[in-house]
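Enquirer: Please find one structure pasted underneath; my questions will follow.
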Amino acid sequence: MLLLSRLAENLFWIGRYVERAENTARLLNVNYSASLEMPGRARDSWRPLLELTGGEAQLRAKYGRVDTRTISAWLSFDRDNPSSIASSVARARENARGLRDRLPSEMWEAINRTYLGLCFQNEDLLSRDGLTEYCDSARDASQFFFGIAFATFPRDEGWSFLRAGQMLERGDNMLRVLQSTHRGEDRQALSDPKQHAVQDLRWVSVLKGASAYEAYRKRVHTGIVPERVEEFLLLDEFFPRSVRYSAENLDDALAQIDRHHPGDHPEILRLSRWLVARLQYARGTVSAGVEGEERLTLEGLLGDFNRVGGAIHAAYFQEE
Numbered sequence: 001m002l003l004l005s006r007l008a009e010n011l012f013w014i015g016r017y018v019e020r021a022e023n024t025a026r027l028l029n030v031n032y033s034a035s036l037e038m039p040g041r042a043r044d045s046w047r048p049l050l051e052l053t054g055g056e057a058q059l060r061a062k063y064g065r066v067d068t069r070t071i072s073a074w075l076s077f078d079r080d081n082p083s084s085i086a087s088s089v090a091r092a093r094e095n096a097r098g099l100r101d102r103l104p105s106e107m108w109e110a111i112n113r114t115y116l117g118l119c120f121q122n123e124d125l126l127s128r129d130g131l132t133e134y135c136d137s138a139r140d141a142s143q144f145f146f147g148i149a150f151a152t153f154p155r156d157e158g159w160s161f162l163r164a165g166q167m168l169e170r171g172d173n174m175l176r177v178l179q180s181t182h183r184g185e186d187r188q189a190l191s192d193p194k195q196h197a198v199q200d201l202r203w204v205s206v207l208k209g210a211s212a213y214e215a216y217r218k219r220v221h222t223g224i225v226p227e228r229v230e231e232f233l234l235l236d237e238f239f240p241r242s243v244r245y246s247a248e249n250l251d252d253a254l255a256q257i258d259r260h261h262p263g264d265h266p267e268i269l270r271l272s273r274w275l276v277a278r279l280q281y282a283r284g285t286v287s288a289g290v291e292g293e294e295r296l297t298l299e300g301l302l303g304d305f306n307r308v309g310g311a312i313h314a315a316y317f318q319e320e
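Residue 1 is where the sequence shown starts when you use UniProt numbering, and the numbers rise one by one after that.
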């Protein structure tokens with residue numbers, strides 16, 4: 001049972017870390033492009049991403065300054081940063097290394113190749129303008145890994161733990177992106193056309209970071225409206241990176257796990273189904289502020305995701 005728990009935990013965290021590497025790569029890429037488009041406001045364009053990945057204190061302590069170059073290094077290949085792309089890939093590989101006899105060989109080869117390609121870079125990468133290529137490689141490697149898993153991994157309990165980790169990480173990340181974007185808004189400044197344009201660019205970056213720009217424009221015909229962008233990324237039932245889609249697929253994975261432990265951990269499904277129900281019936285009732293009786297908030301949804309994650313850990317991963 002202990003081996004099973006360790007196996008399940010490793011698969012769960014492989015899903016989380018590979019997804020985390022992709023999310024960081026997506027956000028780093030679009031923020032880097034945005035900083036080039038408005039160089040005079042580069043610091044402002046980076047602030048939400050720095051808040052999302054733990055703030056700038058450690059970055060400043062290591063590099064002595066905060067600018068596009070140091071931020072790019074810190075979030076891409078710097079292994080001293082636990083939130084960097086390289087750190088996430090290395091942790092995913094470490095979890096996979098203990099499962100080599102249980103993973104399809106193609107999955108191990110994919111994650112090991114990603115590790116060798118992304119985890120040994122240095123500032124020469126920035127000198128040759130290779131950041132975009134690096135981020136694209138990280139994103140593509142994640143999608144390649146999950147594609148191989150989809151095609152080769154048996155649909156047993158292990159698959160469900162891998163998928164649960166991926167979907168929990170994806171939903172949590174999207175909520176934190178929206179939360180940090182809200183914190184960066186200056187409502188009073190929106191009367192200034194220049195400030196309004198900056199805010200629109202920030203929301204465009206959020207959409208592009210989720211590969212959602214085209215899907216949003218196809219679904220919403222009113223241009224970039226922050227409330228509609230947020231509604232789309234939170235509540236759309238068909239877009240695969242929306243919070244609702246992530247929550248529904250997380251719940252499905254947990255239901256499959258429960259089939260192997262019927263009735264043992266009802267609290268997990270109660271929490272996940274409560275989260276799904278809130279999102280399914282939340283259209284038009286989302287706010288960024290403090291949760292009230294009838295308001296669904298980013299803070300409240302983050303708490304729901306965290307409670308589901310905590311329940312998974314307590315039920316399946318803690319040693320007796």
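Think of the CB as a built atom: it goes at the ideal place given N, C-alpha and C, for glycine as much as any other residue.
Look at the alpha carbon of GLY130 and the alpha carbon of SER84, and state the distance between them as a whole number of angstroms.
Expert: Position 130 of the sequence shown, counted from the start, is the residue given in the question as residue 130. Position 84 of the sequence shown, counted from the start, is the residue given in the question as residue 84. One C-alpha to the other measures close to 16 Å.
Enquirer: Can you name, in chain order, every residue of its own chain whose Cβ lies under 8 Å from the Cβ of ILE148, other than the five neighbours on each side?
Expert: Position 148 of the sequence shown holds residue 148. So the list reads PRO104, GLU106, MET107 and ALA110, once near-sequence residues are dropped.
Enquirer: Count the other C-beta atoms from every protein chain shown that fall within 10 angstroms of the C-beta of ASP136, then say buried if there are 16 or more, exposed otherwise.
Expert: Along the sequence shown, read from residue 1 onward, the residue named residue 136 stands at position 136. ASP136 should be labelled exposed.
Enquirer: Less than 8 Å between CB atoms is the rule here; does ARG91 satisfy it with respect to chain D?
Expert: Protein chains in the displayed structure number just one, and chain D is not present.
Enquirer: By Cβ distance, which residues of its chain are closer than 6 Å to LEU50, with the 5 residues on each side in sequence left out?
Expert: Residue mapping note: residue 50 aligns to position 50 of the sequence shown, counting from 1. GLU56, listed in sequence order.
Enquirer: Do ALA96 and PHE317 have their C-beta atoms within less than 8 Å of each other?
Expert: Reading the sequence shown from its first residue, position 96 is the one you call residue 96. Reading the sequence shown from its first residue, position 317 is the one you call residue 317. No, the pair does not count as a contact, with Cβ atoms beyond the cut-off.
Enquirer: By a C-beta neighbour count over all protein chains shown, 10 Å radius and 16 as the cutoff for buried, is PHE305 buried or exposed?
Expert: Working through the sequence shown from its first residue, we reach residue 305 at position 305. Buried, because 16 or more other Cβ atoms sit within 10 Å of the Cβ of PHE305.
Enquirer: Would LEU234 and VAL243 qualify as a contact pair, given that the criterion is a beta-carbon distance under 8 Å?
Expert: Position 234 of the sequence shown, counted from the first residue, corresponds to residue 234. Position 243 of the sequence shown, counted from the first residue, corresponds to residue 243. Yes.
Enquirer: Can SER205 and ASN31 be called in contact, C-beta distance under 8 Å?
Expert: As a position in the sequence shown, residue 205 is number 205, starting the count at 1. As a position in the sequence shown, residue 31 is number 31, starting the count at 1. Taking 8 Å as the Cβ cut-off, SER205 and ASN31 qualify as a contacting pair.
Enquirer: Taking only runs that begin and end inside the stretch 191-218, name each unbroken alpha helix (DSSP H) of 4 or more residues, in chain order.
Expert: Taking 4 residues as the minimum length, the alpha helix (DSSP H) runs contained wholly in the stretch 191-218 are 193-209, in order along the chain.
Enquirer: Residue range of the alpha helix (DSSP H) that ILE257 falls in?
Expert: Within the sequence shown, numbered from 1, the residue matching residue 257 stands at position 257. Where ILE257 is concerned, the enclosing alpha helix (DSSP H) stretches over 243-260.
Enquirer: What would DSSP say about GLY98, mapped onto helix, strand or coil?
Expert: Position 98 of the sequence shown holds residue 98. It is coil, neither helix nor strand.
Enquirer: Write down the C-beta distance between LEU269 and ALA247 rounded to the nearest angstrom, noting that I regard them as a contact closer than 8 Å.
Expert: On the sequence shown, residue 269 is found 269 positions in, with the first residue counted as 1. On the sequence shown, residue 247 is found 247 positions in, with the first residue counted as 1. Not really, about 13 Å apart at Cβ, beyond 8 Å.
Enquirer: Which of the three DSSP states, helix, strand or coil, is assigned to VAL276?
Expert: The residue given as residue 276 occupies position 276 in the sequence shown. Here VAL276 sits in helix by DSSP.
Enquirer: Here's the rule I'm using: 16 or more other beta-carbon atoms within 10 Å means buried, otherwise exposed. How should ASP264 be labelled?
Expert: Here residue 264 refers to the residue found at position 264 when the sequence shown is read from its first residue. That one is exposed.
Enquirer: So PHE12 packs on GLY165, CB below 8 Å; how close in whole Å?
Expert: Working through the sequence shown from its first residue, we reach residue 12 at position 12. Working through the sequence shown from its first residue, we reach residue 165 at position 165. Correct: roughly 4 Å between the Cβ atoms.
Enquirer: Quick one: give me the first and last residue of the alpha helix (DSSP H) that GLY171 is part of.
Expert: Position 171 of the sequence shown holds residue 171. Start and end: 157-183.
Enquirer: By the three-class DSSP mapping on this structure, what secondary structure does LEU118 have?
Expert: The residue you call residue 118 lines up with position 118 of the sequence shown. LEU118 falls in the helix class under three-state DSSP.
Enquirer: For ASP101 and THR24, what's the separation of their Cα atoms in angstroms?
Expert: Walking along the sequence shown from the start, residue 101 turns up at place 101. Walking along the sequence shown from the start, residue 24 turns up at place 24. If I take the Cα positions, the gap works out to 29 Å.
Enquirer: Cutting at 6 Å between CB atoms, please list the residues of its own chain near LEU2, excluding the five before and the five after it.
Expert: Looking up residue 2 in the sequence shown gives position 2. Residue placement at LEU2 is poorly supported in this model, since its pLDDT is 40, which falls under 50; the coordinates still yield a value, given next. Result list for LEU2: empty, nothing under 6 Å.
Enquirer: Is the separation between the beta-carbon of GLU169 and that of GLY15 shorter than 8 Å?
Expert: Taking the first residue of the sequence shown as position 1, residue 169 is located at position 169. Taking the first residue of the sequence shown as position 1, residue 15 is located at position 15. For GLU169 and GLY15, yes; Cβs fall inside 8 Å.
Enquirer: What is the C-beta distance between ALA215 and PHE239, in whole angstroms, given that I count them as a contact (C-beta under 8 Å)?
Expert: Numbered from 1 along the sequence shown, position 215 holds the residue referred to as residue 215. Numbered from 1 along the sequence shown, position 239 holds the residue referred to as residue 239. Going by Cβ atoms, the distance from ALA215 to PHE239 rounds to 5 Å, so yes, they are a contact pair.
Enquirer: ARG20 by DSSP, collapsed to three states: which one?
Expert: Residue mapping note: residue 20 aligns to position 20 of the sequence shown, counting from 1. ARG20: helix per DSSP, three-state reduction.
Enquirer: If you measure between the beta carbons of LEU162 and PHE153, is that distance less than 8 Å?
Expert: Locating residue 162 in the sequence shown gives position 162, where the first residue counts as 1. Locating residue 153 in the sequence shown gives position 153, where the first residue counts as 1. Yes. Within cutoff.
Enquirer: Would you report the Cα separation of ALA92 and TYR17, rounded to the nearest angstrom?
Expert: Locating residue 92 in the sequence shown gives position 92, where the first residue counts as 1. Locating residue 17 in the sequence shown gives position 17, where the first residue counts as 1. Going from the Cα of ALA92 to the Cα of TYR17 covers about 5 Å.
Enquirer: Using C-beta distances below 8 Å, list every residue in its chain close to GLU291, excluding the 5 sequence neighbours before and after it, in chain order.
Expert: Position 291 of the sequence shown, counted from the start, is the residue given in the question as residue 291. For GLU291, the pLDDT reaches just 45, beneath the cut-off of 50, and the residue's location in the model is therefore unreliable, although a value from the coordinates is still provided. Same-chain partners within the cutoff: THR297, GLU299 and GLY300.
Enquirer: Whole angstroms is fine: what's the gap from ALA314's alpha carbon to ARG307's?
Expert: As a first step, residue 314 must be located in the sequence shown, where it is residue number 314. As a first step, residue 307 must be located in the sequence shown, where it is residue number 307. Distance between the alpha carbons of ALA314 and ARG307: 10 Å.
Enquirer: Taking DSSP as the reference, what is the three-state secondary structure of ASN306?
Expert: By 1-based counting over the sequence shown, the position of residue 306 is 306. Looking at ASN306 - three-state DSSP - the assignment turns out to be helix.
Enquirer: Using only CA atoms, which one of ARG219, VAL229, VAL220 and GLU22 lies nearest to THR114?
Expert: Position 114 of the sequence shown, counted from the first residue, corresponds to residue 114. Closest by alpha carbon: GLU22.
Enquirer: To test your reading of the DSSP string, which unbroken alpha helix (DSSP H) runs of 4 or more residues are found completely within the stretch 47-95?
Expert: 57-63 and 68-76
Enquirer: Rounding to the nearest angstrom, what Cα-Cα distance links ASP252 and ALA61 in this structure?
Expert: Along the sequence shown, read from residue 1 onward, the residue named residue 252 stands at position 252. Along the sequence shown, read from residue 1 onward, the residue named residue 61 stands at position 61. The alpha-carbon atoms of ASP252 and ALA61 are separated by roughly 43 Å.
Enquirer: Using a Cβ-Cβ cutoff of less than 8 Å, which residues in the same chain neighbour residue 325 once the five nearest sequence positions on both sides are dropped?
Expert: A query on residue 325 cannot be resolved here, the shown segment of the chain reaching from 1 to 320 and no further.
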